[in-house]
Each structure stands twice: as structure tokens, then as C-alpha cells.
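Undergrad:
Number of protein chains: 2
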Amino acid sequence: MKKQRELRVDLGDRSYPIVIGEGLLKQPNLLTPFIFGQQVLVVTNETIAPLYLESIMAGLSSYQVESVVLPDGEKYKNLETLNTIFDTLLSKKHNRTTTLIALGGGVIGDMTGFAAACYQRGVNFIQLPTTLLAQVDSSVGGKTAVNHPMGKNMIGAFYQPQCVIADTGTLNTLDDRQLRAGLAEVIKYGLIADAPFFNWLEENINHLLDRDPEALAYAIERSCENKAKVVSLDEREGGVRAILNLGHTFGHAIETYQSYKDWLHGEAVSVGMVMAAKLSNALGWIPENDVSRTKELLLKCELPVSAPKDMSAEKFLELMSVDKKVLDGSLRLVLLKSIGHAVVTSDFDPNCLNTLLESRVPEG
Amino acid sequence: MKKQRELRVDLGDRSYPIVIGEGLLKQPNLLTPFIFGQQVLVVTNETIAPLYLESIMAGLSSYQVESVVLPDGEKYKNLETLNTIFDTLLSKKHNRTTTLIALGGGVIGDMTGFAAACYQRGVNFIQLPTTLLAQVDSSVGGKTAVNHPMGKNMIGAFYQPQCVIADTGTLNTLDDRQLRAGLAEVIKYGLIADAPFFNWLEENINHLLDRDPEALAYAIERSCENKAKVVSLDEREGGVRAILNLGHTFGHAIETYQSYKDWLHGEAVSVGMVMAAKLSNALGWIPENDVSRTKELLLKCELPVSAPKDMSAEKFLELMSVDKKVLDGSLRLVLLKSIGHAVVTSDFDPNCLNTLLESRVPEG
Numbered sequence: 001m002k003k004q005r006e007l008r009v010d011l012g013d014r015s016y017p018i019v020i021g022e023g024l025l026k027q028p029n030l031l032t033p034f035i036f037g038q039q040v041l042v043v044t045n046e047t048i049a050p051l052y053l054e055s056i057m058a059g060l061s062s063y064q065v066e067s068v069v070l071p072d073g074e075k076y077k078n079l080e081t082l083n084t085i086f087d088t089l090l091s092k093k094h095n096r097t098t099t100l101i102a103l104g105g106g107v108i109g110d111m112t113g114f115a116a117a118c119y120q121r122g123v124n125f126i127q128l129p130t131t132l133l134a135q136v137d138s139s140v141g142g143k144t145a146v147n148h149p150m151g152k153n154m155i156g157a158f159y160q161p162q163c164v165i166a167d168t169g170t171l172n173t174l175d176d177r178q179l180r181a182g183l184a185e186v187i188k189y190g191l192i193a194d195a196p197f198f199n200w201l202e203e204n205i206n207h208l209l210d211r212d213p214e215a216l217a218y219a220i221e222r223s224c225e226n227k228a229k230v231v232s233l234d235e236r237e238g239g240v241r242a243i244l245n246l247g248h249t250f251g252h253a254i255e256t257y258q259s260y261k262d263w264l265h266g267e268a269v270s271v272g273m274v275m276a277a278k279l280s281n282a283l284g285w286i287p288e289n290d291v292s293r294t295k296e297l298l299l300k301c302e303l304p305v306s307a308p309k310d311m312s313a314e315k316f317l318e319l320m321s322v323d324k325k326v327l328d329g330s331l332r333l334v335l336l337k338s339i340g341h342a343v344v345t346s347d348f349d350p351n352c353l354n355t356l357l358e359s360r361v362p363e364g
Numbered sequence: 365m366k367k368q369r370e371l372r373v374d375l376g377d378r379s380y381p382i383v384i385g386e387g388l389l390k391q392p393n394l395l396t397p398f399i400f401g402q403q404v405l406v407v408t409n410e411t412i413a414p415l416y417l418e419s420i421m422a423g424l425s426s427y428q429v430e431s432v433v434l435p436d437g438e439k440y441k442n443l444e445t446l447n448t449i450f451d452t453l454l455s456k457k458h459n460r461t462t463t464l465i466a467l468g469g470g471v472i473g474d475m476t477g478f479a480a481a482c483y484q485r486g487v488n489f490i491q492l493p494t495t496l497l498a499q500v501d502s503s504v505g506g507k508t509a510v511n512h513p514m515g516k517n518m519i520g521a522f523y524q525p526q527c528v529i530a531d532t533g534t535l536n537t538l539d540d541r542q543l544r545a546g547l548a549e550v551i552k553y554g555l556i557a558d559a560p561f562f563n564w565l566e567e568n569i570n571h572l573l574d575r576d577p578e579a580l581a582y583a584i585e586r587s588c589e590n591k592a593k594v595v596s597l598d599e600r601e602g603g604v605r606a607i608l609n610l611g612h613t614f615g616h617a618i619e620t621y622q623s624y625k626d627w628l629h630g631e632a633v634s635v636g637m638v639m640a641a642k643l644s645n646a647l648g649w650i651p652e653n654d655v656s657r658t659k660e661l662l663l664k665c666e667l668p669v670s671a672p673k674d675m676s677a678e679k680f681l682e683l684m685s686v687d688k689k690v691l692d693g694s695l696r697l698v699l700l701k702s703i704g705h706a707v708v709t710s711d712f713d714p715n716c717l718n719t720l721l722e723s724r725v726p727e728g
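Line order of the protein sequences matches chains Y and U. Numbering follows the numbering used here, with no gaps: position 90 of the first sequence is 90. Counting the second sequence from 1 gives a position; the numbering used here is that position plus 364.
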């Protein structure tokens, strides 16, 4: 029996546990304390379904349990796909006491959470994240949403799950590209709030890439600790929570630009973090060496560090102008004061941003 | 200057005022204290727009103000129409500090409120109800939603406005059918919680039908008082709030049955209240005379009191089985213990319900 790690997101009466460990999906007794009615809907996608759906459903056979299998990919994270979840809930007559279970990566978690927030004005839900990105980031903190053609995550809700159960065993079946995209978000926590963790990552990145179970479990736990701390301080992103979006303003613009098709979210965030680091350096806030360390760590994960070549500075600025951090027309960015210390600010020289966006040359 | 009435919905930090009076839409200074950013989107429909939109927009000219004009009718209250609100918000680059203003009846209020709940995970909104139904019911209490082909108001959120401003002058341009549909909800408050008001309505219904301004203002204020009291006790409908749904379980089934097309919401609720009264009588809870009083008052308003002839008992039961008050398979109904005292209960003889649904004969 492997060690099981547990931590807690403190949000008053909306607090919930995060459980991390290998083989947790095979333990339905972990789920049942968080199911309060007689009905359950498991939402997953066509990649995950063949791997885990049958055993999850079997473990819940004492309930009225149904499943919805969605197509896989960020480009399906929209209102139309969301509606197929409502179709199933209604045709199977699920009522207000139903529980939705998100079995999958960030897209499944975001959509299932938003469906739970809206169905009959709010029902119970549980996160079973099966990708590194979902385990370290998207399943924790209650941000749910779908995309709009004009902007990522523009339609959504803050809606907390009853619990998050992260089975690290699922990472064994994750393809390399997905694992690396998840590492981008892991590295993010080091950059924004945890310099010792960034140092640890520099030393241990090869263990993570080799999928060493102990190293992965540690990185997931440490990432969740960082996220839980920030979310507890600012559930609805009135302030400090926005630092969790390091690299995301640039990254979302890239994802929207290519219609959520070619790049994984973590890949776009990787580029975005390098751009944020470069801008922080151009502003004189961090030394060139910190930019290099950031880039080097991401490159070791074979993550992209420069934006699509055909994406112009004008396009960046246009797409960034609908970012959720924009306040009364003024663009706010998450930038670095040092490795381990991010700030959200509109107090930067816009010329530095323009220079950065215009100076992009193929690299890395 | 006519008398201006003001009351308050008490919900802690989500409390807000309801202002009732004639000519309020011509006073933009009533709105501006509740607009916190620089951007405003007015959502209305093609019936209301020609009457009030221009003057509202003019009063807000110091903001970046846009409008969306939706088609008129319950059948457009769906995810597709909702998305056109998001299209405008994004194409005009509205950010998290924007304010949505619902200018119209219940459909516009429900959709605008839900759009505000979801856009960028929640922005500010204001209700300017222009129908009697919206002024006495739907604009107050924070229930927002769109319909699904399989069930009314199945996709939504509890999301409170910053204020409700009910200009009774708008009722002068309301057609008779809409006015009467609104009176169904007014009568509802008498039935569920306010016997003296029911008596007043029996005596004054002709003044209301004649659109006597003082009588209407009094009925609106008294209705809002009743609603605000119940909502303050139970914002998210964990219990007592469900009594506000007297007649709605039957009524929603009728609306869904005819695809939200032919009947107005208040008309379906009128039939539903008669059915609830009849069932309460069949259970021995209220005397036959209370059923007659209820029916008579509704008939004076020329409201329907019997369900569509072609709608079978089976269809009723099927459509009612997805009602939001269903808990773990058990149908709950709002029934009457007396005029002025409603209860939410699953504790009724299902045979009485079946007899009621099967015995319906054309009447009224």
C-alpha cells in the first residue's frame, strides 16, 4: 500500500479535501462519503473512458449511475458540448440531489464543474483528475468554464467540488506531451510563490520526466499546497489569486488565436511564462539569469518557449484585451519580482510590452 | 411627483433595494449608484426596445454603453440566445467590471441575470422589469435561468441583482394578456402566504384590471414584500422558498409540453394553481369554497383554469418528474392548507393526484 497524501482547501463551509495517491480510483469508498443522493453522472472523454470508466461505474452500482463520454480536446470545451451533459441529465431524470463526477483532464473538469454549477441552479460534484495538469491545477479551486470563440474560459462560474481525488497511477497512461504540458503548471508554482520548489524542480526535473512515482506525488502535493493556499485567501479572484495566472494572459491569447486546436494549454502557458519573465527582465525587475533558468527548465521538458511565428503583436494585444484581468480598459499582467514572487500589475511601461511582442524571433 | 415606494431584500452582503414608482426609467440617477465600472450592456427585446431603449441609453451616455435586442418570447429563452449576449460582450470587449441591465419582462430578466452570473464568472447586474409579472416576481430573488427542451429553467444560477427598479408607468403599454398573466403571480402571494391580501384582491381586482395606478403600485409593493420575506429566509431554495412555486410544477409541465410557445408563463401558473387547490381539496385540506374563490378570482382576470385538453395524465407525470423539487425520485408539490398558507410536501396520496390528472374535463 503506497502512501496516501491528503490536504485541504480552506473555504469555510465550502472547504474540501484533496487526496493524492496511487490506485485511488480503485477505491469507491473514497467517493461515496461525498455522494448525498441516489443519482450519479460520470462525465469523461473518449480517451479516458476505455481506461477507467467501467471500473468507476462498477464501484458505484448501488446508485442510479449514468455516464457521458465527450470528444477529447480543448476545442470541444464550449456551450454546445456542455449541453450534451444537460441532455443526459434530463433524459435520465436527474434531480437536484444528483452528483456529477468529472473523470478526466482539465477540459472535462472545467465543463463538468460548470454543468454542476448550472444544472437546476447547482448540484454536487466531485473531481477525479487524470492528467498531471488537472491534478496540480485545474481540479483545485473551483474555477469552472467553457470557452467562447472570442475568448478562453469566458463563460463560467466559481463553483467548488466536494472533493478532489488524484490517482497518480493515471499518469502512467498519460502520453509524454500531456505530462510535459502538466509540468508547465508545476513549474509555475515555483515561479510565482515557491523559490525552494523551483530549485527542487531544477534538480529533479529528470525524475519527473522519467515518471518516478515518489517525485511526481511530491510535486503534485507541493503544487496543490501552493494552489490551496492562494485560493483560500481569495476564492473569487478579487486580488492575489490572479498570480496563479502567470503566463496565462499570453497563453490564452495563443490558444484563442489557434482556435484551441494545435497547442495544449500547458504548452501555451509555457510560452506565456517565458514572455512574462522576459518582460519582467526588460522592466528591470529580474536579472537575465532568471529568464534563462525559467527557459532552461521548460526546455528540459521539451515545452515551447516562443509564440507561433505568424502571430503578430497586434493580434496579441487584441486577444489580450478581453482577458479577465483587464479592469476598465487597463491590461493587467502577472509579472515576476523574483523567482518565487509574482505580482499582478498594470504598472508597467507599455512600450516594453510592445517591444517584447514585436521583437519575437523564432527560437528555442 | 408620484409617491415612490422602496423596500429591501435582506441577504447579508447580497442585500439590495427594490424601488417602485411611476416614471423611474426616466431617472438615470437611480441607476448610476449601482454601476461600478465604465461599461454597461442593456439587454432587451424587440417589443420593449422601441419604447424605452433610446432614453435609457441616452441617460447612460457617460459610460461605454451597448445594447442587445433579443427576439421576444419564452421560446427564445435558451442557451443559443444567451450566447448572443456573450457575443456582444466579447466583441465590445466588456471586462469584469461591466454592468448588465435587464430591460424587459421575465424572460429578459432571467437570461440577463444568468448571462451576468456566467460572463467572466460573474459580473454586476441590474433589473429594470417592464411587465407586471417581472415586477412582482421574476426580477426579485436572484433566480436566473434558461430553458432546456426537456425542462423549464433547468440551466441557471442563483445570482442577485444590485437593485430592482420597477417603473409602474411601463404597465400602461403592457397588453391586456400580459397584465393578466402578471396578476396570476400577484394572486399567488395571497394564496401562499397572505390571506388579507387575497381578500383585498377579491375586492379590488377590477381596479387592477382597469390599471388604476395606485392599486397596481400597492399590489406590486405587497407582492414584493411577500417575495422578499421568503427569499431572505431561504435564498437558495433549501426549504420554504419552494412555496413561491405554487402552481409552477403543473404550470412548467404545460409550458414544456407546448414548447414554451402558446401559453404565457402566468397563464400556465394560473391553471397550475387551480390544480393545486383542487388536489388540496381532494386531500381534505381545504374546503371546496376555497377552490371556487381561487378559480373565480383567476376567471375574473380571464386567465385559463384548465390544462390543454390534449395533454394526458401520463404526459403531466412524465414532465413533472424532472421538476427541480423532485428529491430522490419523490415528487414534491406546493399545496394549500388554507388560503394564505402553502406547504411543500411529498406527503400526499398519489391516487388523488392521478385522479385529478385523469379527471380533467374542459371547463372555464
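All C-beta atoms in this analysis are idealised placements derived from N, C-alpha and C, irrespective of residue type, glycine included. A quick note: this is a predicted structure, and the numbers were derived from the prediction, not measured.
With 8 Å as the threshold, decide whether the Cβ of Met150 (chain Y) is near any Cβ in chain U.
TA: Interface residue, yes.
Undergrad: From Glu727 (chain U) to Leu663 (chain U), what distance separates their C-alpha atoms?
TA: Caution is warranted here: a pLDDT of 45 is assigned to Glu727 (chain U), below 50, making its placement in the model unreliable, and the coordinate value is therefore given only provisionally. Rounded to the nearest angstrom, the two C-alpha atoms are 11 Å apart.
Undergrad: What residues of chain Y sit near Gln622 (chain U), judged by a beta carbon separation below 8 Å?
TA: The contacting residues do not exist; Gln622 (chain U) stays about 17 Å from chain Y at best.
Undergrad: Output the boundary residues of the alpha helix (DSSP H) element that contains His612 (chain U).
TA: Note, His612 (chain U): alpha helix (DSSP H), 612 to 621.
Undergrad: Apart from the five residues just before and just after Ala181 (chain Y), which ones in its own chain have a Cβ nearer than 7 Å to its Cβ?
TA: Once the five neighbours on either side are set aside, the close Cβ partners of Ala181 (chain Y) are Leu133, Leu264, His265, Gly266, Glu267.
Undergrad: Give the single residue among U:Phe400, U:Glu567, U:Val471 whose Cα lies nearest to the Cα of Asn459 (chain U).
TA: For the residues U:Phe400, U:Glu567, U:Val471, the minimum Cα distance to Asn459 (chain U) belongs to U:Phe400.
Undergrad: My assumption, with CB atoms under 8 Å, is that Ser670 (chain U) sits in contact with Val635 (chain U). Please give the rounded CB distance.
TA: At roughly 6 Å, the Cβ-Cβ gap stays under 8 Å, so Ser670 (chain U) and Val635 (chain U) are in contact.
Undergrad: Would you say Phe86 (chain Y) faces chain U, with C-beta separation under 8 Å as the test?
TA: Yes, Phe86 (chain Y) lies at the interface with chain U (some Cβ there is under 8 Å from its Cβ).
Undergrad: Determine, for Phe158 (chain Y), whether the minimum Cβ-Cβ distance to residues of chain U falls below 8 Å.
TA: Chain U, which has a Cβ nearer than 8 Å to the Cβ of Phe158 (chain Y), makes this yes.
Undergrad: For the region 70 to 137 of chain Y, list the beta strand (DSSP E) runs that are entirely contained and at least 3 residues long, ordered along the chain.
TA: For the region 70 to 137 of chain Y, whole beta strand (DSSP E) runs of length 3 or above, ordered along the chain, are 99 to 104, 124 to 129.
Undergrad: Determine which residues share a DSSP beta bridge with Leu336 (chain Y) and list them.
TA: Answer is Y:Ala342.
Undergrad: Just to confirm the assignment, what range does the beta strand (DSSP E) spanning Leu233 (chain Y) have?
TA: Here Leu233 (chain Y) belongs to no beta strand (DSSP E); instead the alpha helix (DSSP H) covers 213 to 233.
Undergrad: Only counting the same chain, and skipping five residues up and downstream in sequence, which positions put a Cβ closer than 6 Å to that of Ala342 (chain Y)?
TA: Excluding sequence neighbours, Ala342 (chain Y) sits near Ile192, Ile243, Leu246, Val334, Leu336.
Undergrad: Throw me the rounded Cβ distance for the Ile584 (chain U) and Ala530 (chain U) pair, which I believe falls under 8 Å.
TA: Right, the Cβ-Cβ distance comes to about 6 Å (below 8 Å), so this counts as a contact.
Undergrad: Using a Cβ-Cβ cut-off of 8 Å, state whether Asn83 (chain Y) counts as contacting chain U.
TA: It does; some Cβ of chain U falls within 8 Å.
Undergrad: Threshold first: 4 residues or longer. Then list the alpha helix (DSSP H) segments lying entirely within the region 257 to 326 of chain Y, N to C.
TA: Here the runs fully enclosed are 265 to 282, 288 to 300, 313 to 320.
Undergrad: If you drop the 5 nearest sequence neighbours on each side, which residues of the same chain put their C-beta closer than 6 Å to that of Ala413 (chain U)?
TA: Around Ala413 (chain U): Val433.
Undergrad: Is the region 277 to 292 of chain Y touching the region 378 to 394 of chain U, taking contact as three or more C-beta pairs under 8 Å?
TA: No, the region 277 to 292 of chain Y does not touch the region 378 to 394 of chain U.
Undergrad: Measure the Cβ-Cβ separation of Leu467 (chain U) and Phe489 (chain U) and say whether it is below 8 Å.
TA: No, the pair does not count as a contact, with Cβ atoms beyond the cut-off.
Undergrad: Per DSSP, Phe522 (chain U) forms a beta bridge with which residues?
TA: Looking at the DSSP assignment, Phe522 (chain U) forms a beta bridge with U:Lys507.
Undergrad: Taking the C-alpha atoms as reference points, what is the distance between Pro435 (chain U) and His512 (chain U)?
TA: So the two alpha carbons sit approximately 17 Å from each other.
Undergrad: Please list the partners that Gln402 (chain U) has in chain Y, where partner means a Cβ-to-Cβ separation under 8 Å.
TA: Result: Asp328, Gly329.
Undergrad: By the 10 Å Cβ neighbour count, where 16 or more other Cβ atoms means buried, how is Arg368 (chain Y) classified, buried or exposed?
TA: Residue 368 (chain Y) is absent from the structure shown; chain Y starts at 1 and stops at 364.
Undergrad: Using a Cβ cut-off of 9 Å, which residues of the region 647 to 680 of chain U contact any Cβ in chain Y, in chain order?
TA: Against chain Y - using a Cβ distance shorter than 9 Å - the region 647 to 680 of chain U contributes no residues.
Undergrad: So for Ser723 (chain U), helix, strand or coil by DSSP?
TA: Coil at Ser723 (chain U), not helix or strand.
Undergrad: Thinking Lys441 (chain U) and Met475 (chain U) are a contact (beta carbons under 8 Å), I'd like their distance in whole angstroms, please.
TA: About 6 Å; that satisfies the 8 Å criterion.
Undergrad: Pull up the distance between the alpha-carbon of Thr461 (chain U) and that of Glu237 (chain Y), whole angstroms please.
TA: Their backbone Cα atoms lie some 13 Å apart in a straight line.
Undergrad: Check the Cβ-Cβ distances between Met320 (chain Y) and every residue of chain U, and say whether any is below 8 Å.
TA: It does not; no Cβ of chain U falls within 8 Å.
Undergrad: Would you identify the three-state DSSP class for Pro381 (chain U), choosing helix, strand or coil?
TA: Pro381 (chain U): strand per DSSP, three-state reduction.
Undergrad: At the 8 Å Cβ level, is Ser502 (chain U) part of the contact set with chain Y, yes or no?
TA: It does not; no Cβ of chain Y falls within 8 Å.
Undergrad: Between Leu661 (chain U) and Glu566 (chain U), what straight-line distance do the alpha-carbon atoms span, to the nearest angstrom?
TA: If I take the Cα positions, the gap works out to 6 Å.
Undergrad: Within the 8 Å Cβ cut-off, does Ala145 (chain Y) reach chain U?
TA: Closer than 8 Å: yes.
Undergrad: Determine, using beta carbons only, whether Gly59 (chain Y) and Pro28 (chain Y) come nearer to each other than 8 Å.
TA: Their beta carbons are under 8 Å apart, which means Gly59 (chain Y) touches Pro28 (chain Y) by this criterion.
Undergrad: Would you say Ser91 (chain Y) reaches chain U, if we count a Cβ-Cβ gap shorter than 8 Å as a contact?
TA: True, the Cβ-Cβ gap to chain U drops below 8 Å.
Undergrad: How is Leu424 (chain U) classed by DSSP in three states: helix, strand or coil?
TA: Reduced to three states, the DSSP call for Leu424 (chain U) is coil.
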